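Worksheet for the structure shown next.
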């Protein structure tokens, strides 16, 4: 006889006697290729049984997708580079240019004349930065650390605030080129003031960065910086 | 032998591969949603470390995106290709571990749970677990009840309210479909 249909072989592999005639079963036991097919199907059955027992598929944490997305966007923007999650935010060149501009233009202001009087409530500008576009160095806005009644805040102004379809977020980047903290969302048009913990400046978080963010559930920096500048003062 | 897989499932998979190859960002997200549990679990079982498995999963999908132009949509499901990339990343991680001597114990003892590449049997078992759902209902439930829960055909027919002959047909065809799917995973050896 000819080889039985695949479903018959499957029935034999499943040890279901109702799935094959005596003649078919006899053929299978004497036929090398049918025997091999049945053995293979038996292995699939065993693997199915073994694979699921106490071994469910596990979900990776959501942070993994965030990093994939980050790398995808960074790669597109920079024409394919190394994995962004491994690369510090500080790139040789662009940020250095912004830094040089900040210092060169002498934005340092040591506050108002009455700062020497510790009792009177006074608003003093403790540090300032000019914010430039990272690639072109074109001027985008400014940031200043303002101290009022001993409480610091960071006032950020960005002139051409183009958030695209999302929003703009303000960050403080650390000198180490790796760490960063988010201060919050920039209000479209005009100046936004963020409460600032002075300790951040002491710990090296002195570079102001404004990024374009999408309305998604990824809290990390998108990698798309609109403006950046380092506080001096 | 012609594949007995349902046409609907194949079309959805082909479409995803095509869209990803064309550079659709949504396609990457869909591929991640569909296949990241399988990739992650293969890495986790092979490396025995959550953080390492997370890194591998990230690397696999970043590699998939960067290598998207090399996808051949006519080969159907993305799974064999992604699994191939996973094998490489797991092997890389293991090689790095050996170099760093970070997991000295595992290197010295060479016990079975710490293979340098994902065990083929492990990959197949996990892949099968993932594939059963794709068979649709009631076939997936019939297969699970008969093969995993070890219930009789009569019992399953009664429980699901199906004719006995239908239950038997579902089990047999389901097994054949899974066998066909497994062949794709075994045959593929992509380079990336």
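Protein chains in written order, with our numbering: chain L, 344 to 576; chain P, 205 to 396.
Think of the CB as a built atom: it goes at the ideal place given N, C-alpha and C, for glycine as much as any other residue.
Computed from a prediction, not measured in an experiment: that's the story for all the values here.
Using the rule of at least 16 other Cβ atoms within 10 Å of the residue's Cβ for burial, across every protein chain shown, is residue i buried or exposed?
i: residue 558 of chain L; result: exposed
i: residue 571 of chain L; result: buried
i: residue 345 of chain L; result: exposed
i: residue 365 of chain L; result: exposed
i: residue 362 of chain P; result: exposed
i: residue 385 of chain P; result: buried
i: residue 475 of chain L; result: buried
i: residue 508 of chain L; result: exposed
i: residue 378 of chain P; result: buried
i: residue 473 of chain L; result: buried
i: residue 358 of chain P; result: exposed
i: residue 562 of chain L; result: exposed
i: residue 341 of chain P; result: exposed
i: residue 471 of chain L; result: buried
i: residue 446 of chain L; result: Because residue 446 of chain L carries a pLDDT of 29, less than 50, the predicted location of this residue cannot be relied on, and the following value inherits that uncertainty. Exposed is the call here.
i: residue 324 of chain P; result: exposed
i: residue 402 of chain L; result: exposed
i: residue 461 of chain L; result: Unreliable placement is indicated for residue 461 of chain L, whose pLDDT of 42 sits below 50; the coordinate value is still reported in the next sentence. Classification of residue 461 of chain L: exposed, given that the 10 Å Cβ count is below 16.
i: residue 356 of chain P; result: exposed
i: residue 554 of chain L; result: buried
i: residue 284 of chain P; result: buried
i: residue 568 of chain L; result: buried
Measure the Cβ-Cβ separation of residue i and residue j and say whether it is below 8 Å.
i: residue 350 of chain L; j: residue 376 of chain P; result: yes
i: residue 368 of chain P; j: residue 345 of chain P; result: no
i: residue 488 of chain L; j: residue 501 of chain L; result: no
i: residue 286 of chain P; j: residue 400 of chain L; result: no
i: residue 513 of chain L; j: residue 548 of chain L; result: no
i: residue 362 of chain L; j: residue 371 of chain L; result: no
i: residue 397 of chain P; j: residue 343 of chain P; result: Nothing can be reported for residue 397 of chain P: it is not among the residues displayed for chain P, which extend from 205 to 396.
i: residue 297 of chain P; j: residue 260 of chain P; result: yes
i: residue 515 of chain L; j: residue 550 of chain L; result: yes
i: residue 506 of chain L; j: residue 477 of chain L; result: no
i: residue 388 of chain L; j: residue 357 of chain L; result: yes
i: residue 242 of chain P; j: residue 334 of chain P; result: yes
Compare the Cα-Cα distances from residue i to each of the options and report the closest residue.
i: residue 387 of chain P; options: P:332, P:263, P:337, P:273; result: P:332
i: residue 353 of chain L; options: L:368, L:472, L:367, L:384; result: L:384
i: residue 407 of chain L; options: P:337, P:330, P:281, P:258; result: P:258
i: residue 266 of chain P; options: P:280, P:224, P:278; result: P:224
i: residue 496 of chain L; options: L:466, L:546, L:575, L:388; result: L:466
i: residue 541 of chain L; options: L:565, L:378, L:490, L:368; result: L:490
i: residue 222 of chain P; options: P:268, P:246, P:248, P:337; result: P:268
i: residue 389 of chain P; options: P:237, P:279, P:262, P:234; result: P:279
i: residue 404 of chain L; options: P:236, P:339, P:274, P:288; result: P:236
i: residue 566 of chain L; options: L:368, L:418, L:377, L:480; result: L:418
If we cut at 8 Å on Cβ distances, does residue i have a partner in chain L?
i: residue 270 of chain P; result: yes
i: residue 431 of chain P; result: Only positions 205 to 396 of chain P appear in this structure, which leaves residue 431 of chain P out of reach.
i: residue 296 of chain P; result: no
i: residue 284 of chain P; result: no
i: residue 402 of chain P; result: Missing from the structure shown is residue 402 of chain P; chain P here goes from 205 to 396 and no further.
i: residue 273 of chain P; result: no
i: residue 221 of chain P; result: no
i: residue 241 of chain P; result: yes
i: residue 370 of chain P; result: no
Whole angstroms are fine: how far does the CA of residue j sit from the CA of residue i?
i: residue 276 of chain P; j: residue 253 of chain P; result: 32 Å
i: residue 527 of chain L; j: residue 244 of chain P; result: 33 Å
i: residue 231 of chain P; j: residue 272 of chain P; result: 11 Å
i: residue 372 of chain P; j: residue 411 of chain L; result: 44 Å
i: residue 536 of chain L; j: residue 413 of chain L; result: 28 Å
i: residue 573 of chain L; j: residue 409 of chain L; result: 27 Å
i: residue 290 of chain P; j: residue 494 of chain L; result: 52 Å
i: residue 552 of chain L; j: residue 484 of chain L; result: 11 Å
i: residue 375 of chain L; j: residue 380 of chain P; result: 19 Å
i: residue 255 of chain P; j: residue 539 of chain L; result: 33 Å
i: residue 379 of chain L; j: residue 248 of chain P; result: 33 Å
i: residue 392 of chain L; j: residue 518 of chain L; result: 55 Å
i: residue 251 of chain P; j: residue 499 of chain L; result: 47 Å
i: residue 352 of chain P; j: residue 348 of chain L; result: 25 Å
i: residue 239 of chain P; j: residue 229 of chain P; result: 15 Å
i: residue 350 of chain P; j: residue 386 of chain L; result: 15 Å
i: residue 326 of chain P; j: residue 360 of chain P; result: 28 Å
i: residue 564 of chain L; j: residue 270 of chain P; result: 21 Å
Indicate whether at least one CB of chain P lies closer than 8 Å to the CB of residue i.
i: residue 382 of chain L; result: no
i: residue 555 of chain L; result: no
i: residue 561 of chain L; result: no
i: residue 356 of chain L; result: yes
i: residue 487 of chain L; result: no
i: residue 349 of chain L; result: yes
i: residue 371 of chain L; result: no
i: residue 346 of chain L; result: no
i: residue 539 of chain L; result: no
i: residue 330 of chain L; result: Limits of chain L in this structure are 344 at one end and 576 at the other, which puts residue 330 of chain L out of reach.
Beta-carbon of residue i versus every beta-carbon of chain A: anything under 8 Å?
i: residue 414 of chain L; result: Absent from the structure: chain A. Protein chains present are L and P.
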